[in-house]
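For reference, the structure is listed below as structure tokens.
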Amino acid sequence: MERIWIYQAAKSFSEGEEARILNKLEAFTDQWEAHKEKLTARVEIRYHLFIIISVDLSQVLPSGCSIDKSVHLLKELESELNISLFDRMQIAYRKGDEIQVVPRATFEQLFATGQINEDTMVFNNLVDNGEDLKTKWEVPFKDSWHARVFA
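Numbered by our numbering, the letters in the sequence shown go through residues 1 to 151 in order.
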């Protein structure tokens, strides 16, 4: 079983930003520890927007302090690259083959005007394990937490 954390950017990363993020986070996950025991962790970037950090829970469990260290590093990256990774008011959805990220108010307007409907694919960045990442991360609006909030 994997524990995951998803951090969504407000805009797509450039190639340079993506390389810098991966280099920094891979170096971090290579030495990441909880109570002086190495965590089995990895990082990936999907769709040039989502940073996904995962830890194998069958090995060593992450501690509060180890999780805080990862959050601190991501906040450093935000500052260094002038990007936003912690704005939960930004909502990502698919529009054709592209992924759009809009503020919550814009998302509500798009829904109200029918530009987003029950079949629009949205991203649930609250999923917290590897299995849910596969099956519950990108889902139709009607099957998401978004439907409860915006319907």
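Cβ coordinates follow ideal geometry from the N, Cα and C atoms, glycine included.
Answer yes or no: do residue i and residue j have a C-beta to C-beta separation smaller than 8 Å?
{"i": "residue 52", "j": "residue 43", "result": "yes"}
{"i": "residue 150", "j": "residue 118", "result": "no"}
{"i": "residue 129", "j": "residue 137", "result": "no"}
{"i": "residue 34", "j": "residue 54", "result": "no"}
{"i": "residue 57", "j": "residue 131", "result": "no"}
{"i": "residue 10", "j": "residue 84", "result": "yes"}
{"i": "residue 19", "j": "residue 29", "result": "no"}
{"i": "residue 21", "j": "residue 73", "result": "no"}
{"i": "residue 17", "j": "residue 81", "result": "yes"}
{"i": "residue 120", "j": "residue 148", "result": "no"}
{"i": "residue 13", "j": "residue 45", "result": "yes"}
Whole-angstrom Cβ separation of residue i and residue j, contact assumed at under 8 Å?
{"i": "residue 122", "j": "residue 91", "result": "7 Å"}
{"i": "residue 49", "j": "residue 8", "result": "6 Å"}
{"i": "residue 127", "j": "residue 133", "result": "5 Å"}
{"i": "residue 66", "j": "residue 110", "result": "Not quite, the Cβ-Cβ distance comes to about 38 Å (not below 8 Å), so this is no contact."}
Let me know the secondary structure DSSP gives residue i once reduced to three states.
{"i": "residue 32", "result": "coil"}
{"i": "residue 13", "result": "coil"}
Under 8 Å, Cβ to Cβ, is there at least one residue of chain C near residue i?
{"i": "residue 128", "result": "Considering every chain present, this structure includes no chain C. It has just one protein chain."}
Query raised in the report: What are the start and end residues of each continuous beta strand (DSSP E) run of 3 or more residues lying completely inside the region 61-136, in chain order?
Result: 90-95, 98-103, 121-123
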